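Heads up, the thing below is written out as C-alpha cells.
Next up, the structure:
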C-alpha cells in the first residue's frame, strides 16, 4: 500500500526548511483500541529512529486508560533537555487494515498525536520511504512471521 | 484536499492544538486542547468519522 506523505506548514524563515513554506511528513492514519473502545482515525509519524511506539496521553485517557497505572519509564531524545515520564500499556493498533497488539508508551507532552517506532510499526511492516516522487510517499507491506 | 489546502487548514488551526478534520469538505469540524474535546465537537457537528490531527508546538524543523 502506498501512503502519500502529508503536508505541513513550514516557516520559510527557518534555516532548516531552506525557504520552503510546505514540508512533507511521513504520517500514517491509525486507530488505537483499548479493550473495546476504538479511537477515531488520527495521524501518527512513521519514525524508524524511535525504538518504541508512543502516543499522546490525551488519546489513551479518552479511551479509558488510567495512564499512570502503566509500567513507568523515562523518555529521552537526541536533543538534550528535560526527560519525561512515559507509561507503557498493552493496546491494539490498527494500521492499514491490520490490527495487532503492541506495548505502547503514553506521554502527556508528546508533540504529535503518535510516533510509530521500530516496536509497533517496523516489526510488522516493511516500510520503503520514497521522498523523491511527487507527492512523496511510502510503501508499506505487512509482514507475517511464522 | 490538496497539499496547499491542508497547509492552509493547519495554519488556521495554529500550533499545539487538537483538530478534527472532515477530509471530504476540507474543514475543521472540531478543535480543542485535548483529543476528546476535538472529537466531541466533531460529533456535535454530526461528523462521527473525522481525521484527528495534533499540530506540533511550532512550525519549525523537529528532531525526535
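Residue numbers (this note's numbering), protein chains in the order written: chain A, 1 to 146; chain B, 1001 to 1064.
Where is the CB? At the ideal position from N, CA and C, for every residue including glycine.
This structure is a prediction, so every number in the text was calculated from the model and none was measured.
When rounded, the separation of the alpha-carbon atoms in residue 71 of chain A and residue 1028 of chain B is 35 Å. DSSP places residue 51 of chain A in the coil class of the three-state scheme, outside both helix and strand.
DSSP places residue 22 of chain A in the uninterrupted beta strand (DSSP E) bounded by 22 to 25. When beta bridges are read from the DSSP output, residue 126 of chain A appears opposite A:141. Nearest neighbour of residue 55 of chain A by Cα position, chosen from A:9, A:126, A:115, A:101, turns out to be A:115. Pairwise C-beta distances place the region 93 to 100 of chain A in contact with the region 31 to 42 of chain A, as three or more of them are shorter than 8 Å. DSSP places residue 105 of chain A inside the beta strand (DSSP E), whose first and last residues are 98 to 107. Against chain A, a Cβ distance below 7 Å from residue 1054 of chain B picks out 56, 112, 113. Spatial neighbours of residue 131 of chain A in its own chain (CB-CB distance under 6 Å, excluding positions within 5 residues in sequence) are not present. Where residue 92 of chain A is concerned, the enclosing beta strand (DSSP E) starts and stops at 84 to 95. The region 1005 to 1048 of chain B contains, as complete alpha helix (DSSP H) runs of 4+ residues, the segments 1035 to 1044 (chain order). The DSSP-derived three-state label of residue 60 of chain A is helix. Taking a 10 Å sphere around the C-beta of residue 133 of chain A, we find fewer than 16 other C-beta atoms and assign the residue as exposed. Rounded to the nearest whole angstrom, the C-alpha separation of residue 63 of chain A and residue 108 of chain A is 15 Å. Contact with chain B is found for residue 14 of chain A, since one of that chain's Cβ atoms lies less than 7 Å from the residue's Cβ.
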